[in-house]
Amino acid sequence: MAVPQRQAMRLLSQRLQCLSKPSVVRQTRSISSRYSNAPKRTVTTAPSPTSHLYEQISAGAGARNPLDVRAARIVDAEAKAHNLQRMRIAGMGLILSMGGLALVIFNLDLDSIEQAEKQRKGGQQLDASDEANARFQGKEVHVIGAGDGKRIVASGAGEQVELVETGTSSVPHFPRTIYLPASSDSTRIPDVVCVAQPNADVNSDNTAIQEEYTLVGLGIRTVMWIQVYVVGMYVRTSDITALQAKLVRNVNPTASALIPSEKEDLKKKLLDPEESRAIWAELLAVPGIKTAFRISPTRSTNFSHLRDGFVSGINNRTGEARSLTQGGITEYDSEEFGRSVQDLKAIFKGSNAPKGSVLVLSRDERGTLDVLYQPKPEQGDQAMERLGSLPDERVSRLLWFGYLAGAKVSSQGARDGIVNGCMEFVERPVGSVETMVH
Numbered sequence: 001m002a003v004p005q006r007q008a009m010r011l012l013s014q015r016l017q018c019l020s021k022p023s024v025v026r027q028t029r030s031i032s033s034r035y036s037n038a039p040k041r042t043v044t045t046a047p048s049p050t051s052h053l054y055e056q057i058s059a060g061a062g063a064r065n066p067l068d069v070r071a072a073r074i075v076d077a078e079a080k081a082h083n084l085q086r087m088r089i090a091g092m093g094l095i096l097s098m099g100g101l102a103l104v105i106f107n108l109d110l111d112s113i114e115q116a117e118k119q120r121k122g123g124q125q126l127d128a129s130d131e132a133n134a135r136f137q138g139k140e141v142h143v144i145g146a147g148d149g150k151r152i153v154a155s156g157a158g159e160q161v162e163l164v165e166t167g168t169s170s171v172p173h174f175p176r177t178i179y180l181p182a183s184s185d186s187t188r189i190p191d192v193v194c195v196a197q198p199n200a201d202v203n204s205d206n207t208a209i210q211e212e213y214t215l216v217g218l219g220i221r222t223v224m225w226i227q228v229y230v231v232g233m234y235v236r237t238s239d240i241t242a243l244q245a246k247l248v249r250n251v252n253p254t255a256s257a258l259i260p261s262e263k264e265d266l267k268k269k270l271l272d273p274e275e276s277r278a279i280w281a282e283l284l285a286v287p288g289i290k291t292a293f294r295i296s297p298t299r300s301t302n303f304s305h306l307r308d309g310f311v312s313g314i315n316n317r318t319g320e321a322r323s324l325t326q327g328g329i330t331e332y333d334s335e336e337f338g339r340s341v342q343d344l345k346a347i348f349k350g351s352n353a354p355k356g357s358v359l360v361l362s363r364d365e366r367g368t369l370d371v372l373y374q375p376k377p378e379q380g381d382q383a384m385e386r387l388g389s390l391p392d393e394r395v396s397r398l399l400w401f402g403y404l405a406g407a408k409v410s411s412q413g414a415r416d417g418i419v420n421g422c423m424e425f426v427e428r429p430v431g432s433v434e435t436m437v438h
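Residue numbers for the sequence shown, in UniProt numbering: 1 to 438.
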């Protein structure tokens, strides 16, 4: 009886081994035709995925029975988990793709695309006639000359404004000179002031005491690749001589102008995180010169977004000051400074700032910050609303440092433009630039 039982177990073991491996079945069938008898065909069927999974489990489990129900459930659960993970990854990819497409469409600058298309078809940049068709604050733009000697002028309403190209079609021009109230004293400046040229048609009475400011340099602030606004730094024209002298004497105390090698040394200092902080701290010391930043959004935004950018710049500068003291107490750790920052936030309430509007941050000789806003300059409205004033000079100093000094500035393009403008100042004898402006 023992011999027949052994033979039966051997046969059963061979059958189980056959079931645990994928099988390739060769079937032969006869395909007949009404015209002729076709030869026999051989059809090969591929191994099924289930048999492949059974083989993996059998190999991993050693002597586990491949016909075990529990093993089959494990295989099924693993297959479902694998498919579910693939579905999640595909879903996340789809969401990211749709989000990226929506972001690109939202930030698409049709004006830049149209201008680039014109350049591609014409094989050259826009000519003077195209620029002349533009308007600046309700005035017609005229291009005089060409090449390096080209001048862009906007004329109308009894005034003429010389313009500078910004590098973006959203806000194509900035004025070379602007006029701002002579004082930040809230008792002397009304809530609405006129910033047109003195004795122009819209400012014939010249009721507001105004001072002329000259552009030093400008640039575009971007967040990732998205253009946010164009920002330019201005200095009171009568303070250009003082600015020249301080910049020149920082490199050569006995010179009235800098030679090329000295200019390069000054440029490196103004771009260095540590030395630029020291230079601008001296230039902005109070009492000192009057300066201003003119900001014009390249797309519609609101004061909340602008305010968050200003406060972020202040926080970055205070963090740098604390790192320099190695954790010590700084002048920005007082409660008074904290209240001043809160007052700055209160100035920028949740109002909209449409594309092309103008926001001016001015800093007087005492460091007082004055905020002016012009909502509709393109309609020729020369009135600016006075949003508020802040006497704490530390706030305006850190706002200025956010564009001029430190390791990471709000707009590297603006910083480079301002530094290049300073280089143009110091290559001329002290006092000559102010004379040329007048």
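Using N, Cα and C, we set each Cβ at its ideal position, and we do this for glycine too.
- For Y234, the enclosing beta strand (DSSP E) starts and ends at 226-236.
- Shown here for G388: same chain residues with a beta carbon closer than 7 angstroms to its own, the five before and five after excluded, namely I347, V371 in chain order.
- In the same chain as F425, and ignoring 5 residues on each side of it, the C-beta atoms closer than 6 angstroms to its own belong to Q244, V433, in chain order.
- Taking one beta carbon from each stretch, the segment 383-397 and the segment 221-232 have fewer than 3 pairs nearer than 8 angstroms; the two do not touch.
- By the Cβ criterion, the segment 291-305 is in contact with the segment 228-240, since at least three pairs of Cβ atoms, one from each stretch, lie closer than 8 angstroms.
- In the structure shown, the three-state DSSP call for P260 is helix.
- Counting along the chain, V141 sits inside the beta strand (DSSP E) bounded by residues 139-144.
- Closest option to E378, judged by alpha-carbon separation, among R249, R88, F174: F174.
- For T177, there is no enclosing alpha helix (DSSP H); the enclosing beta strand (DSSP E) has its first and last residue at 177-181.
- Ranked by Cα distance from N420, the options I329, P260, Q137 are led by P260.
- Comparing alpha-carbon positions, the option among V216, T254, A353, Q326 lying closest to H305 turns out to be A353.
- Distance between E335 and R394, taken at the CA atoms: about 13 angstroms.
- G350 and K80 have their C-alpha atoms spaced approximately 51 angstroms apart.
- Of all C-beta pairs linking the segment 355-367 to the segment 280-296, three or more are shorter than 8 angstroms, placing the two stretches in contact.
- C-alpha of L103 to C-alpha of G93: approximately 15 angstroms in a straight line.
- Closest option to G402, judged by alpha-carbon separation, among R277, R428, R176, I329: R277.
- Taking all protein chains shown into account, S312 has fewer than 16 neighbouring C-beta atoms within 10 Å of its C-beta and is therefore exposed.
- With 16 or more other Cβ atoms inside 10 Å of its own Cβ, S410 counts as buried.
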